[in-house]
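Number of protein chains: 2
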Amino acid sequence: MELVEEILNGDFRAIAKAISMIENDGSEKEELIDRIYPKCGRAVVWGITGPPGAGKSTLVDKLIEQERINGKKIAVIAVDPSSPFSGGAILGDRLRMQEHATDPGVFIRSMASRGHLGGVAGATTDAVKVFDAAGFDLIIIESIGVGQTEIEIIEVSDIVILVLVPGMGDEIQALKAGVMEIGDIYVINKKDHDGADKLEAEVNYMLSLKEGDQTKNPVLLTSAIHNDGIKNLISEIQIYLKNIQESMELQKKRKTRIKQEIKQIFSGKIMYEINKKINTEIMEEWAEAIYNGDISPYSFINKKVQTFLKEQK
Amino acid sequence: MELVEEILNGDFRAIAKAISMIENDGSEKEELIDRIYPKCGRAVVWGITGPPGAGKSTLVDKLIEQERINGKKIAVIAVDPSSPFSGGAILGDRLRMQEHATDPGVFIRSMASRGHLGGVAGATTDAVKVFDAAGFDLIIIESIGVGQTEIEIIEVSDIVILVLVPGMGDEIQALKAGVMEIGDIYVINKKDHDGADKLEAEVNYMLSLKEGDQTKNPVLLTSAIHNDGIKNLISEIQIYLKNIQESMELQKKRKTRIKQEIKQIFSGKIMYEINKKINTEIMEEWAEAIYNGDISPYSFINKKVQTFLKEQK
Numbered sequence: 005m006e007l008v009e010e011i012l013n014g015d016f017r018a019i020a021k022a023i024s025m026i027e028n029d030g031s032e033k034e035e036l037i038d039r040i041y042p043k044c045g046r047a048v049v050w051g052i053t054g055p056p057g058a059g060k061s062t063l064v065d066k067l068i069e070q071e072r073i074n075g076k077k078i079a080v081i082a083v084d085p086s087s088p089f090s091g092g093a094i095l096g097d098r099l100r101m102q103e104h105a106t107d108p109g110v111f112i113r114s115m116a117s118r119g120h121l122g123g124v125a126g127a128t129t130d131a132v133k134v135f136d137a138a139g140f141d142l143i144i145i146e147s148i149g150v151g152q153t154e155i156e157i158i159e160v161s162d163i164v165i166l167v168l169v170p171g172m173g174d175e176i177q178a179l180k181a182g183v184m185e186i187g188d189i190y191v192i193n194k195k196d197h198d199g200a201d202k203l204e205a206e207v208n209y210m211l212s213l214k215e216g217d218q219t220k221n222p223v224l225l226t227s228a229i230h231n232d233g234i235k236n237l238i239s240e241i242q243i244y245l246k247n248i249q250e251s252m253e254l255q256k257k258r259k260t261r262i263k264q265e266i267k268q269i270f271s272g273k274i275m276y277e278i279n280k281k282i283n284t285e286i287m288e289e290w291a292e293a294i295y296n297g298d299i300s301p302y303s304f305i306n307k308k309v310q311t312f313l314k315e316q317k
Numbered sequence: 005m006e007l008v009e010e011i012l013n014g015d016f017r018a019i020a021k022a023i024s025m026i027e028n029d030g031s032e033k034e035e036l037i038d039r040i041y042p043k044c045g046r047a048v049v050w051g052i053t054g055p056p057g058a059g060k061s062t063l064v065d066k067l068i069e070q071e072r073i074n075g076k077k078i079a080v081i082a083v084d085p086s087s088p089f090s091g092g093a094i095l096g097d098r099l100r101m102q103e104h105a106t107d108p109g110v111f112i113r114s115m116a117s118r119g120h121l122g123g124v125a126g127a128t129t130d131a132v133k134v135f136d137a138a139g140f141d142l143i144i145i146e147s148i149g150v151g152q153t154e155i156e157i158i159e160v161s162d163i164v165i166l167v168l169v170p171g172m173g174d175e176i177q178a179l180k181a182g183v184m185e186i187g188d189i190y191v192i193n194k195k196d197h198d199g200a201d202k203l204e205a206e207v208n209y210m211l212s213l214k215e216g217d218q219t220k221n222p223v224l225l226t227s228a229i230h231n232d233g234i235k236n237l238i239s240e241i242q243i244y245l246k247n248i249q250e251s252m253e254l255q256k257k258r259k260t261r262i263k264q265e266i267k268q269i270f271s272g273k274i275m276y277e278i279n280k281k282i283n284t285e286i287m288e289e290w291a292e293a294i295y296n297g298d299i300s301p302y303s304f305i306n307k308k309v310q311t312f313l314k315e316q317k
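Chains as they are written, first to last, in our numbering: chain A, 5 to 317; chain B, 5 to 317.
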């Protein structure tokens, strides 16, 4: 595969092609990943998540700026809220690329949060491998942290930065509690807005309730739009990463990530076999029977599962 | 099962117990659902979704109030953003129950958006069956419409009401586009806020781009907090439901829902078999080998999948 060589040389077109290949989820992708895999393992992955409107994009822009000054080659994967039907990414690279478009050390790519067999995590994990093999030092995964995506980002990242913002009402409060367990570093952005201090106190309080936690989770205030607190954030990220590397927690995280990956690929493959077996016609027949109330769903499906497993040779 | 009788009698304690059983996802649940299944099929399911802060909860409260006046017995399933690790629902019934706590015609229940084998859809679908069999006329599923949950709510609902709100910035814009395909009725809440007219125009424009759409999707303005536009919304919901019932679209939707359900239960069962086979020790070994770069992930897993399928007898 010529593409493999080009990726290892850091060729942007080849990388873009590889990511599309991953999104298309064909067998070509598998060969590609298997071929570049031995070259992976050097890049560090930051996951940046938080509710809509927290200013994640601006924060990522400022982090890129700063880390470029520090000489890093950076890839950004923006996991977009996507159309459940078309699977297309919405925000699009076009909104974000502009500022860094002429910088050969920055590659920004949107990926849709649906449509991939293995979910976001599947496609993102493979994309991370491509960037890693292509010589990027830092891979930033930015995603809206609500529901499903919030757990997927931790599966893929070495460190998770959870971005919160003051004054978003009750639902955000709940959300905040829900995502409280996933952050390694907590950022309260828009720190000049009303309620930033209160939010900081709340986050610290919630963190103090976490049981059995060995590592200290910093809570930092930033104003991304004013480039305020960015250097400090990067320095805290570095300290955190150094700590988890020394305690072997990072290595453990990465192995856990591989386990998730194995599970996802494995179940994806099995699902593929199932979908081959239970074709549209059969499904139609089963649904009709259940819809008409002729049979009860669980006992029926339990029988079918046993049959499926027996038929595999 | 005594519980079955109690549920069919509409006993609230029995219903609560059944929902917990569903959340615990054991084999008891399967027997329960199979037993009540013949009594299902009467209730109508409304899905209400939208971004955090759109005022969905207030809207649901007002809809309940109005539909109680109309004599309906109502169950609400609030799909909460949940802790990815503990799987616990956060918002909690306590926040919401208060107003309707003394009303014997309203049952409100939070369910966590994670932790269930079949995802939200799996647990919610089963909960819907319990409420349906227990004689509720209307089941409202409220969920934050971002990412995964947005598609799951359509799998479970007869009609999806997408709640939007003016002035939430670019990310919400993107999100809006992303969820644009899932709504049957669009509600612009907080209509007295700046930008409501602009948002209405945008939504109408986006809807006009939908291809091959046979049904008309109403776009309505409400101010839930001022109880403004609620009656009109309910009337539009009724018209929409009547239309899709007459065109047989509703029946088709419900069959599609059953198909999803079959797939989810089926794959859940297979995953269970896989997890039995690939135990922690084996997984550890595989992850270690891949982590060390001794083997390439896809070719390795492909082989293991073949072995797994062959070993099933």
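Glycine included, every Cβ here is placed at the ideal spot set by N, Cα and C.
{"Check": "Just to confirm, is the Cβ distance from B:Asn231 to B:Lys66 under 9 Å?", "Outcome": "yes"}
{"Check": "For chain A, find out if any of its Cβ atoms is closer than 9 Å to the Cβ of B:Leu7; answer yes or no.", "Outcome": "no"}
{"Check": "A:Gly96 to B:Ile37, Cα distance in whole Å?", "Outcome": "At A:Gly96 the pLDDT is 43, less than 50, meaning the model places this residue with poor confidence and gives no usable figure here."}
{"Check": "If you drop the 5 nearest sequence neighbours on each side, which residues of the same chain put their C-beta closer than 6 Å to that of B:Thr62?", "Outcome": "Ala228, Ile229"}
{"Check": "Compare the beta carbon distance of B:Ile186 and B:Ile158 with 9 Å and say whether it is the shorter of the two.", "Outcome": "yes"}
{"Check": "Could you pull the DSSP bridge partners for A:Gly51 from this structure?", "Outcome": "A:Ile145, A:Val164"}
{"Check": "Taking any Cβ of chain C, which residues in the segment 294-308 of chain A have a Cβ under 9 Å from it, in chain order?", "Outcome": "Going by chain labels, chain C is absent from the structure shown, which instead holds the protein chains A and B."}
{"Check": "Measuring alpha carbon to alpha carbon, tell me which residue in B:Gln70, B:Glu35, B:Ala138 is nearest B:Asn13.", "Outcome": "B:Ala138"}
{"Check": "Quick one: complete alpha helix (DSSP H) runs, 4+ long, within the segment 214-277 of chain A?", "Outcome": "234-250"}
{"Check": "A:Pro42 touches chain B at which residues, Cβ-Cβ below 8 Å?", "Outcome": "Gly297, Ser300"}
{"Check": "If you pair each beta-carbon of the segment 233-248 of chain B with each one of the segment 266-279 of chain B, do three or more pairs fall below 8 Å?", "Outcome": "no"}
{"Check": "How far does the beta strand (DSSP E) with A:Ile189 in it extend, from its first residue to its last?", "Outcome": "189-192"}
{"Check": "Rounded to whole angstroms, what is the Cα-Cα separation between A:Thr311 and B:Lys314?", "Outcome": "14 Å"}
{"Check": "Using a C-beta to C-beta distance shorter than 8 Å, which residues of chain A count as neighbours of B:Asp38?", "Outcome": "Ser300, Pro301, Tyr302, Ser303"}
{"Check": "Less than 7 Å between C-beta atoms, sequence neighbours within five positions excluded: which residues of the same chain meet that for B:Ile11?", "Outcome": "Ala18, Ile19, Ala22, Ile40, Val134, Ala137, Ala138"}
{"Check": "Going along the chain, which residues of the segment 254-275 of chain B sit with their C-beta nearer than 7 Å to a C-beta in chain A?", "Outcome": "Arg258, Lys259, Ile262, Lys263, Glu265, Ile266, Ile269, Phe270, Ser271, Lys273, Ile274, Met275"}
{"Check": "Suppose you measure from the CA of B:Ser24 to the CA of B:Val110; what does that come to, to the nearest Å?", "Outcome": "18 Å"}
{"Check": "By DSSP's criteria, B:Val8 is part of a beta bridge. Which residues make up the other side?", "Outcome": "B:Val8 pairs with nothing; no bridge assigned."}
{"Check": "Can you tell me the Cα-Cα spacing of A:Ala141 and A:Pro42, whole angstroms?", "Outcome": "In the sequence under discussion, the amino acid at residue 141 of chain A is Asp, which differs from the Ala named in the question. Using only the alpha carbons, I get a separation of about 16 Å."}
{"Check": "Identify, in the order they occur along the chain, each residue of the same chain with its Cβ nearer than 6 Å to the Cβ of A:Ile294, setting aside the five sequence neighbours on each side.", "Outcome": "Pro301"}
{"Check": "Suppose you measure from the CA of B:Lys273 to the CA of A:Lys307; what does that come to, to the nearest Å?", "Outcome": "11 Å"}
{"Check": "Would you identify the three-state DSSP class for A:Ser300, choosing helix, strand or coil?", "Outcome": "coil"}
{"Check": "What does A:Ile278 reach in chain B if we use C-beta pairs closer than 7 Å?", "Outcome": "Phe270, Ser271, Ile274"}
{"Check": "Near A:Gly362, what residues of its chain come up, given a Cβ to Cβ distance below 7 Å and the 5 sequence neighbours on each side ignored?", "Outcome": "Chain A is shown only over 5 to 317; residue 362 of chain A falls outside these bounds and no answer can be derived."}
{"Check": "Check for me: the alpha helix (DSSP H) holding B:Lys195 runs from which residue to which?", "Outcome": "From DSSP, B:Lys195 is part of no alpha helix (DSSP H); its letter is neither H nor E."}
{"Check": "B:Ala82 bridges to which residues according to DSSP?", "Outcome": "B:Ser114, B:Glu146"}
{"Check": "On the three-state DSSP scale, how would you describe A:Ala138?", "Outcome": "coil"}
{"Check": "Might you give, ordered along the chain, the residues of its own chain that have their beta carbon closer than 7 Å to the beta carbon of A:Phe89, omitting 5 neighbours on each side?", "Outcome": "With a pLDDT of 37 at A:Phe89, under the threshold of 50, the modelled position of this residue cannot be trusted; read the value that follows with caution. Same-chain partners within the cutoff: there are none."}
{"Check": "Check distances from the C-beta atoms of the segment 54-73 of chain A to those of chain B and list, in chain order, the residues that come in under 7 Å.", "Outcome": "Pro55, Pro56, Gly57"}
{"Check": "Output the boundary residues of the alpha helix (DSSP H) element that contains A:Val64.", "Outcome": "60-73"}
{"Check": "Expressed to the nearest angstrom, what Euclidean distance is found between the alpha-carbon atoms of A:Lys60 and A:Gly233?", "Outcome": "14 Å"}
{"Check": "For A:Glu6 and A:Pro108, I'd like the C-alpha separation in whole angstroms.", "Outcome": "22 Å"}
{"Check": "Can you give me the C-alpha to C-alpha distance between B:Asp29 and B:Tyr276, rounded to a whole angstrom?", "Outcome": "12 Å"}
{"Check": "Return no unless some Cβ of chain A is closer than 9 Å to the Cβ of B:Phe312.", "Outcome": "yes"}
{"Check": "Just checking: is the beta-carbon of A:Gly45 within a distance shorter than 9 Å of some beta-carbon in chain B?", "Outcome": "yes"}
{"Check": "How is the alpha helix (DSSP H) around B:Glu185 delimited, first residue to last?", "Outcome": "Unbroken run through B:Glu185: none, as it is neither H nor E."}
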